Structures are given as C-alpha cells and as structure tokens.
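There are 2 protein chains.
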Amino acid sequence: MGRTSDARERILDAACTLIHTRGYVGIGVAEICTKADVRKGSFYHYFESKQALTLEVVDLHWQQQRATWIATLSTDDEPLQRLESLLRLQIAAQRTAHDTDGHIDGCLLGNLALELSNQDGSVATKLQEVFADQIALVAAVLAEAAAQGTIPESNATVETARGVVAQLEGLVMFAKLSNDPAMLDGLWRNTLGLLRA
Amino acid sequence: MGRTSDARERILDAACTLIHTRGYVGIGVAEICTKADVRKGSFYHYFESKQALTLEVVDLHWQQQRATWIATLSTDDEPLQRLESLLRLQIAAQRTAHDTDGHIDGCLLGNLALELSNQDGSVATKLQEVFADQIALVAAVLAEAAAQGTIPESNATVETARGVVAQLEGLVMFAKLSNDPAMLDGLWRNTLGLLRA
C-alpha cells in the first residue's frame with residue numbers, strides 16, 4: 001500500500017480511537033494529526049473537516065462491526081442462540097477493552113448519538129441509519145424465532161428489536177460509567193424476558 | 001431572595017440548560033456567565049470550576065427528579081401501576097421538550113455518563129450514585145410487585161431493575177437521535193416483558 005493511502009488510514013485509525021475514548025467535541029484536527037503522524041495539509045487533502053472525517057469513521061466502524069453481526073447471525077444455530085452469540089460478543093468486546101486498556105469506552109455509536117444528536121445533523125442522520133440497520137438485523141432474527149415458535153409472534157417486531165438494542169446500549173452505558181463489565185451480566189437474561197422467550 | 005444568591009441560582013440554571021443541550025466539554029465558563037448574566041468573578045465566587053459546578057448541577061437535577069420519583073412511586077396504586085406512571089412521566093418529559101423546544105435533549109444524566117465516564121472521575125462517581133439510587137428505587141417497587149405475585153420473585157432483583165433503567169436510557173437515546181418521542185412508545189410494553197409480568 002502506497003504512502004499516501006497509508007496516511008489516510010492512519011488518520012481514520014487515530015480519529016476512531018480518539019473519538020471513541022474522548023468524544024467528538026473534545027478533540028481537534030491538530031491532535032488527530034499528531035496521533036496519526038501526518039501534517040495538517042495531508043489531513044485536509046483527504047478530509048474536508050472533522051465532521052467529514054467523523055462520518056467516515058462511523059461508516060467504517062459500522063462496516064467492520066456489521067460484518068461480524070452478519071457472520072454471527074447467519075450461522076446454522078437456532079435463531080435465539082445466534083442472537084445470544086451476538087450479544088455475548090458485545091459483552092466480550094467491553095470486557096477485553098477493560099482488561100487491555102483499563103477503561104471501558106462503551107459504544108462509539110451510542111457515545112456519538114448522545115453527544116451530537118441535537119448538534120450535528122449529518123452525523124445524527126448517519127447514526128440513525130446505522131441503528132436502523134442494527135434493529136432490522138435483530139428484527140429479522142426475531143422473525144425467525146417467532147416462525148419457530150420460540151418467541152410470541154407479537155414480539156417479532158421492530159419495536160421489540162429496538163428494545164433489544166436499547167437494553168444493550170443502556171447496560172453498556174452503565175458498564176462504561178462504572179468501568180465494570182459485570183454491569184452487562186444481566187444482558188441476556190433481560191433480553192430473554194423482553195422477548196418473552 | 002438577595003441578589004447574591006440569585007446570581008448563584010442563575011449560574012446553576014444556565015449551566016443545567018447548556019449542559020443538557022450541548023454537553024460538558026463544548027461549553028465554557030464564559031458562555032455560562034453570559035447566559036446567566038453574571039461576571040466571571042461572580043462565577044468563581046460561587047464555584048471553583050466548571051467541574052465543581054457540574055457536580056452541583058447533577059445533584060440539583062437529581063434532587064428535583066428524585067422528588068417526583070418518590071411521589072410517583074409512593075401512591076396507593078398497585079406497584080406496577082406506579083412504575084408505569086413513572087416511566088410515562090419520563091416519556092411525557094421528552095415529548096414536552098420536543099413540542100416546546102423542537103428538540104429532544106435526552107437524559108442529562110445519561111448524556112453526561114457517556115460523555116465523561118472515562119474522563120472525569122468525580123462526575124462519574126456522582127452519576128454512579130444517582131443511577132444506583134434510581135435502580136434501588138425501581139428494585140423496591142419490583143420487590144412489592146413480587147410480594148403480590150405480579151412478577152416472579154426471581155425478577156425482583158437489582159439486575160432486573162438495572163435492566164428497566166437501561167431500557168429507558170436506551171430508548172431515550174433513540175428518541176434523542178431521531179428527535180422523535182415515538183421511539184419511546186414501546187417502553188412500557190418492553191418493560192413488562194423484561195419483568196415477565
């Protein structure tokens with residue numbers, strides 16, 4: 001890979017880490033450049049602004065996550081087993097961050113959602129699309145579970161799927177707040193209740 | 001009330017509004033002073049720093065909210081009816097904000113939790129106490145519901161109560177993100193599922 005595209009990737013990596021740890025408002029282009037080891041001129045060659053970069057960070061982050069979601073939700077396991085695997089992967093990611101870095105940074109998407117929703121329309125729109133995608137992926141598994149009779153048909157809805165993702169985001173919030181992955185211990189049990197499984 | 005204490009209250013009011021709308025990192029003491037119509041010297045007479053002020057804002061906000069929580073959870077209604085009333089009040093608050101200001105700012109406490117948990121230890125500790133208090137209040141109602149047989153004894157736990165608050169915070173996140181109070185429409189139904197009521 002050429003030097004130029006390498007710089008672009010380094011900027012994206014640096015921004016992803018900084019935004020995940022410290023949010024959007026608190027970081028500047030200069031700091032991103034320092035961390036990425038690129039000059040400001042190079043930054044503006046690739047990105048129009050911190051906002052434009054953030055949109056790409058969100059896209060890239062969800063593309064990578066989405067691949068895992070699809071892989072996990074497409075196995076031959078029973079529908080609810082696949083959903084459980086997906087949620088346990090989210091717990092494991094927070095636990096790994098805690099054990100490796102000493103702190104839980106939570107969900108990049110959820111962090112940005114609360115930080116920027118009422119301040120930056122384009123990032124909010126992008127995040128709405130991402131969460132709608134997540135909720136649709138969960139709803140599709142719920143439809144399979146309902147078809148098999150493992151959950152009531154009345155719970156194979158977008159509203160219930162939104163509740164599943166909301167439960168995940170809410171408990172990740174508490175895990176981040178307490179820097180304690182054990183806050184997520186009840187996630188699957190609570191989700192089973194929510195689904196009336 | 002004297003002029004001096006009035007300035008203190010104006011600072012607290014201004015900070016609460018600004019932090020709720022735009023977060024902690026993005027606002028400065030100068031902006032708070034302008035909104036409160038006080039001089040910087042006056043600010044530092046009452047508060048050591050933006051952080052010290054934020055701790056008071058969180059305290060004050062929860063003290064006010066807590067009074068409503070206690071009043072709502074102490075009526076003669078059935079335990080689950082009281083919990084439903086409490087959650088419907090949260091929905092109504094977001095809907096009122098939407099209809100009045102045109103934007104949903106979400107939960108001040110949840111916003112700060114995601115913005116500051118891994119950056120400001122004293123605000124995080126304060127927020128942990130507040131959420132622990134919320135969860136304990138919900139757990140107490142769940143214990144009453146279990147004693148009456150409306151929910152299984154095994155769901156009258158802190159873990160389930162944490163799930164109830166997590167569901168609320170997660171759906172408030174989606175309401176804020178989409179600037180749409182309808183995101184909260186499933187809250188009570190999802191909560192009943194979670195409780196296996």
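From first to last, the protein sequence lines are chains P and B.
Numbered continuously in full-length UniProt numbering, the first sequence closes out at residue 197.
Numbered continuously in full-length UniProt numbering, the second sequence closes out at residue 197.
Using N, Cα and C, we set each Cβ at its ideal position, and we do this for glycine too.
Here the structure is a predicted model, which means the values were calculated and not measured.
Own chain partners of G23 (chain B) with C-beta closer than 6 Å, once the 5 adjacent residues on each side are dropped | E115
Does K176 (chain P) have its Cβ less than 8 Å from a Cβ in chain B?
-> For K176 (chain P), the closest Cβ of chain B is nearer than 8 Å.
Nearest-angstrom Cα separation, counted from R39 (chain P) out to M1 (chain P) | For M1 (chain P), the predicted model reports a pLDDT of 42, less than 50, meaning its position is unreliable; a value from the coordinates is still stated below. Rounded to whole angstroms, M1 (chain P) and R39 (chain P) show a C-alpha spacing of 19 Å.
Proximity test, Cβ basis, 8 Å: S117 (chain B) and chain P = yes
Alpha carbon to alpha carbon, what distance is there between Y46 (chain P) and A36 (chain P)?
-> 13 Å
May I ask you to report which of helix, strand or coil DSSP gives F43 (chain P)?
-> helix
Unbroken beta strand (DSSP E) runs of length 3 or more, entirely within the region 12 to 67 of chain P: which are they?
-> none
Less than 7 Å between the CB of R66 (chain B) and some heavy atom of the ligand PLP, yes or no?
-> Of ligands this structure carries none, so the ligand PLP is not represented either.
Euclidean distance between Cα positions of I70 (chain P) and Q134 (chain B) | 36 Å
Backbone secondary structure at D77 (chain P) - three-state DSSP = D77 (chain P) falls in the coil class under three-state DSSP.
Where does S178 (chain P) land, buried or exposed, given buried means 16+ other C-beta within 10 angstroms?
-> buried
Same chain only: Cβ atoms within 7 Å of C107 (chain B), ignoring 5 sequence neighbours per side | Leaving aside the five residues that flank C107 (chain B) on each side, the residues in its chain whose CB is nearer than 7 Å to its CB run, in chain order, E169, V172.
Are three or more beta carbon pairs between the region 57 to 71 of chain B and the region 160 to 169 of chain B nearer than 8 Å?
-> no
G2 (chain P) at chain B interface by Cβ criterion, 8 Å | Confidence at G2 (chain P) is low in this model, with a pLDDT of 46, below 50, so the placement of that residue should be treated as unreliable; the coordinate-derived value is given next. Chain B has no Cβ within less than 8 Å of the Cβ of G2 (chain P).
Should G41 (chain B) go down as buried or exposed, given a rule of 16 or more other Cβ atoms within 10 Å for buried?
-> exposed
Taking the alpha carbon of I19 (chain P) as the point to measure from, which residue in P:Y44, P:A7, P:H61, P:D6 has its own alpha carbon closest?
-> P:H61
Cutoff 8 Å; reference Q148 (chain P); Cβ partners in own chain excluding five residues on either side | Same-chain partners within the cutoff: E78, P79.
Hey, L195 (chain P) and T160 (chain P) are a contact pair by Cβ (cut 8 Å); roughly how many whole angstroms apart?
-> 7 Å
Contact with chain P by A113 (chain B), beta-carbon distance below 8 Å = So yes, A113 (chain B) belongs to the interface.
Comparing alpha-carbon positions, which option in B:A14, B:L187, B:Q90, B:A140 lies nearest R162 (chain P)?
-> B:L187
Could you confirm whether any beta carbon from chain B is found closer than 8 Å to the beta carbon of W188 (chain P)?
-> no
Proximal residues of chain B, C-beta to C-beta of A93 (chain P) below 8 Å = Near A93 (chain P) there are no residues of chain B at all, since even the closest Cβ is about 15 Å away, more than 8 Å.
Beta-carbon neighbours of H103 (chain P), restricted to chain B and to distances below 8 Å | N118
May I ask you to list, following chain order, the residues of the region 14 to 25 of chain P that have a beta carbon less than 8 Å from some beta carbon of chain B?
-> T21, R22, G23, V25
Of the choices P:A146, P:T150, P:N111, P:Q119, whose alpha-carbon is the least far from that of F131 (chain P)?
-> Distance check between F131 (chain P) and each of P:A146, P:T150, P:N111, P:Q119 places P:N111 closest, using alpha-carbon atoms only.
Residues of chain P with CB under 7 Å from A156 (chain B), in chain order?
-> Correct list: empty, because the minimum Cβ distance to chain P is about 13 Å.
Starting from A124 (chain P), find everything on chain B with Cβ-Cβ shorter than 7 Å and list it in chain order.
-> L177
Could you pull out every residue in the same chain whose Cβ sits closer than 6 Å to the Cβ of D13 (chain P), ignoring the five residues on either side in sequence?
-> none
Would you tell me roughly how many angstroms separate the C-alpha atoms of I104 (chain B) and R10 (chain B), rounded to the nearest one?
-> 23 Å
Using a Cβ-Cβ cut-off of 8 Å, state whether residue 262 (chain B) counts as contacting chain P.
-> Nothing can be reported for residue 262 (chain B): it is not among the residues displayed for chain B, which extend from 1 to 197.
Starting from G163 (chain B), follow the alpha helix (DSSP H) in both directions and report where the run begins and ends.
-> 158 to 178
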